[in-house]
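Take a look at the structure set out below.
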Amino acid sequence: MGEAPMFYVENLKDRVSNGFNLRFKGFETSIDVGDKTFVIGSNNNDSISSIEVQIYDKSRGKWVIPTVLGTEPKRYEGHSAILLNEDRIMVITWGSTPDDCIWFLEVDTEYVKQQKKALGTEVIAWSKGVRGDAEKPVVISGPSGVGKGTLINMLMKEFPTMFGFSVSHTTRAPRSIEKNGVHYHFTERSIMEKDIKDGKFLEFASVHGNLYGTSIEAVEAVADSGKRCILDIDVQGAKSVRASSLDAVFIFISPPSMAKLEERLHLRGTETEEQIQKRLRNAKAEIEQGKSLGIFDHILCNDHLEKCYDNLKVTSLSNSLSECISSFTNLDFDLVSFVFIIETPRIRRNYAN
Ligand SMILES: Nc1nc2c(ncn2[C@@H]2O[C@H](COP(=O)(O)OP(=O)(O)O)[C@@H](O)[C@H]2O)c(=O)[nH]1
Ligand SMILES: Nc1ncnc2c1ncn2[C@@H]1O[C@H](COP(=O)(O)OP(=O)(O)O)[C@@H](O)[C@H]1O
0 MGEAPMFYVE NLKDRVSNGF NLRFKGFETS IDVGDKTFVI GSNNNDSISS IEVQIYDKSR
60 GKWVIPTVLG TEPKRYEGHS AILLNEDRIM VITWGSTPDD CIWFLEVDTE YVKQQKKALG
120 TEVIAWSKGV RGDAEKPVVI SGPSGVGKGT LINMLMKEFP TMFGFSVSHT TRAPRSIEKN
180 GVHYHFTERS IMEKDIKDGK FLEFASVHGN LYGTSIEAVE AVADSGKRCI LDIDVQGAKS
240 VRASSLDAVF IFISPPSMAK LEERLHLRGT ETEEQIQKRL RNAKAEIEQG KSLGIFDHIL
300 CNDHLEKCYD NLKVTSLSNS LSECISSFTN LDFDLVSFVF IIETPRIRRN YAN
């Protein structure tokens with residue numbers, strides 16, 4: 000099994016003549032990205048310590064302490080680090096469990112660039128790597144009443160250890176059978192708007208007069224459990240996710256006819272007549288967009304439920320781990336030990352747009 004090379008910071012210390020004292024007392028590595036050097040180290044004297052990052056800006060000859068986003072590795076005894084794709088550093092921590100030893104430090108990704116702009120500081124973002132066969136998230140969209148929830152429930156029931164549902168936030172009122180934290184996180188509009196402003200949401204949209212959104216935490220909770228994330232989001236949300244760096248499978252569920260859709264909404268009986276009519280009006284635009292925008296990898300007609308479910312299984316289970324692994328093939332060290340590691344899926348809305 001190969002191990003990632005260790006980079007020592009001693010040379011950097013020698014190079015620095017402005018008298019800045021590196022705060023690290025334990026392990027240190029340094030990695031150059033453009034005109035910046037990222038020094039990753041432990042920040043106290045304990046044998047098991049937490050991680051800290053300082054940046055040396057070579058063009059300005061200055062040290063910077065960045066704003067840290069995401070969950071950082073907590074307790075570890077040392078680490079190795081290697082640059083991937085010129086925009087993120089893979090950190091392998093020592094003395095951690097196999098499930099907790101791979102971390103990604105984003106230093107120059109689109110997300111980090113946006114956050115730098117928004118916050119006006121240097122920014123780094125941590126995310127945890129996932130071991131195992133977690134694969135691409137599955138985004139499922141379609142008009143209200145088409146059967147998305149029914150199909151997702153079937154998938155989760157048949158494959159409980161494989162799929163995990165991304166629990167969205169919404170400002171709409173709960174239906175009688177819906178549980179807070181299970182079907183949705185039901186929330187106040189003002190709170191959700193503030194959380195969106197604070198960058199806690201990967202995507203959000205106004206649907207049928209209410210606000211809906213996927214929080215970063217919801218997706219990372221599924222990824223951290225080693226499961227494949229299923230997102231039930233509208234076409235606008237799917238468009239945002241498609242424009243992000245998240246590599247997902249996009250599936251649109253269409254009804255056999257508008258009459259059947261209306262019948263299903265009436266039979267479900269969870270909305271008033273007025274709400275049903277609003278959903279049907281919106282459905283027309285959604286179906287048109289779903290079929291024409293080129294967002295979706297698969298469009299499945301939910302006429303006969305079992306048949307549609309079989310098609311859903313084929314489309315959502317077919318993408319293989321090898322596609323995910325291919326992104327690591329540009330590494331110049333022994334890949335064998337990393338073939339079952341993929342990055343925590345993060346999806347982020349491009350706030351600049
Ligand atoms: N963009 C976005 N849409 C969501 C999210 N959660 C749910 N939706 C969509 O909001 C719409 C309304 O959902 P809901 O109120 O549960 O009604 P239903 O579709 O009739 O079951 C559906 O199209 C969902 O796919 C989310 O987090 N983001
Ligand atoms: N293929 C189907 N044939 C008939 N009824 C269906 C089919 N798929 C789903 N339904 C029913 O249609 C209603 C709406 O389904 P639901 O899963 O709540 O839709 P969505 O989540 O897309 O709003 C439910 O009462 C469900 O039992």
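Quick note on numbering that gives the first Met the number 0: the sequence shown kicks off at 0 and runs consecutively. Even glycine gets a Cβ: it sits at the ideal position worked out from N, Cα and C. Keep in mind the model is a prediction, meaning the values are calculated, not measured.
Please list, in chain order, all residues of the same chain as residue i whose beta carbon is under 7 Å from its beta carbon, the five residues on each side excluded.
| i | result |
| --- | --- |
| Val106 | Val32, Phe37, Asp86, Arg87, Ile88, Ile123 |
| Ile64 | Gln53 |
| Asn329 | In this predicted model, Asn329 has a pLDDT of only 36, less than 50, meaning its place in the structure is not dependable enough to derive any value. |
Answer yes or no: do residue i and residue j have a C-beta to C-beta separation smaller than 7 Å?
| i | j | result |
| --- | --- | --- |
| Glu261 | Leu279 | yes |
| Leu118 | Thr66 | yes |
| Ile39 | Ala80 | yes |
| Asn310 | Leu299 | yes |
| Val234 | Gly289 | yes |
| Cys228 | Ser165 | yes |
| Thr28 | Arg174 | no |
| Phe200 | Ser214 | yes |
Label residue i either buried or exposed according to how many other C-beta atoms from any shown protein chain fall within 10 Å of its C-beta, with 16 as the threshold for buried.
| i | result |
| --- | --- |
| Trp93 | exposed |
| Thr96 | exposed |
| Gly293 | exposed |
| Gly236 | buried |
| Gly60 | exposed |
| Gln276 | exposed |
| Met191 | buried |
| Asn179 | exposed |
| Asp331 | With a pLDDT of only 34 at Asp331, under the threshold of 50, the placement of this residue in the model should not be trusted, and no figure is reported. |
| Pro72 | buried |
| Asn10 | Low confidence applies to Asn10: its pLDDT is 42, below 50, so where it sits in the model is not reliable, and the reading given next is rough at best. It is exposed - the Cβ of Asn10 has fewer than 16 other Cβ atoms within 10 Å. |
| Asn152 | exposed |
| Val181 | exposed |
| Glu51 | buried |
| Ser291 | exposed |
| Leu266 | exposed |
| Ser381 | The requested residue 381 does not occur in the structure, where the chain is confined to residues 0 to 352. |
| Glu157 | exposed |
| Ile232 | buried |
| Glu134 | buried |
| Ile91 | buried |
| Ile101 | buried |
Please name the residue, chosen from the options, that lies closest to residue i on a Cα-to-Cα basis.
| i | options | result |
| --- | --- | --- |
| Ser167 | Ser175, Thr186, Lys57, Pro159 | Thr186 |
| Gly163 | Ser224, Ile190, Lys193, Leu201 | Ser224 |
| Leu216 | Ala204, Ser175, Asp194, Val206 | Residue identity check: residue 216 is Glu in the sequence provided, not Leu. Here the closest residue by C-alpha is Asp194. |
| Arg146 | Ser253, Ile298, Ile101, Asp56 | Arg is not the amino acid found at residue 146; the sequence shown has Gly there. Selected option, being the one with the closest Cα: Ser253. |
| Val138 | Lys156, Phe295, Phe249, Thr108 | Phe249 |
| Ala242 | Glu109, Leu230, Glu27 | Glu109 |
| Asp99 | Gln114, Thr269, His78, Gly141 | His78 |
| His303 | Lys115, Thr269, Thr149, Gly198 | Thr149 |
| Arg188 | Gly268, Glu177, Pro159, Tyr211 | Tyr211 |
| Thr170 | Gly208, Glu287, Cys307 | Gly208 |
| Ile286 | Arg263, Leu264, Ser256, Glu305 | Ser256 |
| Pro136 | Leu230, Ile30, Thr271 | Leu230 |
| Pro159 | Glu76, Lys226, Ile101, Asn301 | Lys226 |
| Trp62 | Thr120, Ser49, Lys116 | Thr120 |
| Ala284 | Lys259, Ala172, Pro142, Ser205 | Pro142 |
Looking only at its own chain, which residues have a Cβ that is under 8 Å from the Cβ of residue i, when we skip the five neighbours before and after it?
| i | result |
| --- | --- |
| Ser321 | Low local confidence applies: a pLDDT of 35 at Ser321 is under 50, so the model's placement there is unreliable, with the coordinate-based value given in what follows. Answer for Ser321: no residue qualifies. |
| Thr343 | Per-residue confidence for Thr343 stands at a pLDDT of 39, beneath the threshold of 50, marking its modelled position as unreliable; the derived number appears in the next sentence. Taken in chain order, the residues that qualify are Phe103, Ser126, Lys127, Gly128, Val129, Glu219, Ala222, Asp223. |
| Thr314 | Val248, Ile250, Asp296, His297, Leu299 |
| Thr70 | Trp125, Ser126, Lys127, Glu219 |
| Gln274 | His207 |
| Leu154 | Phe162, Ile229, Tyr308, Leu311, Lys312, Ser315 |
| Arg263 | Gly144, Val145, Gly146, Pro254 |
| Ala172 | Phe185 |
For residue i, which residues of its own chain have a beta-carbon under 6 Å away from its beta-carbon, when the five flanking residues on both sides are left out?
| i | result |
| --- | --- |
| Leu83 | Met89 |
| Lys238 | Ile294 |
| Leu68 | Ala124 |
| Lys35 | Ile54, Asp56 |
| Gly198 | none |
| Val111 | Glu105, Val122, Ala124 |
| Ser58 | Asp34 |
| Tyr183 | Ser167, Thr169 |
Measuring only from the beta carbon, is residue i closer than 6 Å to any heavy atom that is part of ligand 3?
| i | result |
| --- | --- |
| Thr213 | Within the structure as shown, ligand 3 is missing, the only ligands being ligand 1 and ligand 2. |
Any residue whose CB is nearer than 5 Å to a heavy atom belonging to ligand 2, listed in chain order: Spelled out in chain order, the answer is Ser143, Gly144, Val145, Gly146, Lys147, Gly148, Thr149, Arg263, Arg267, Asn301, Leu304.
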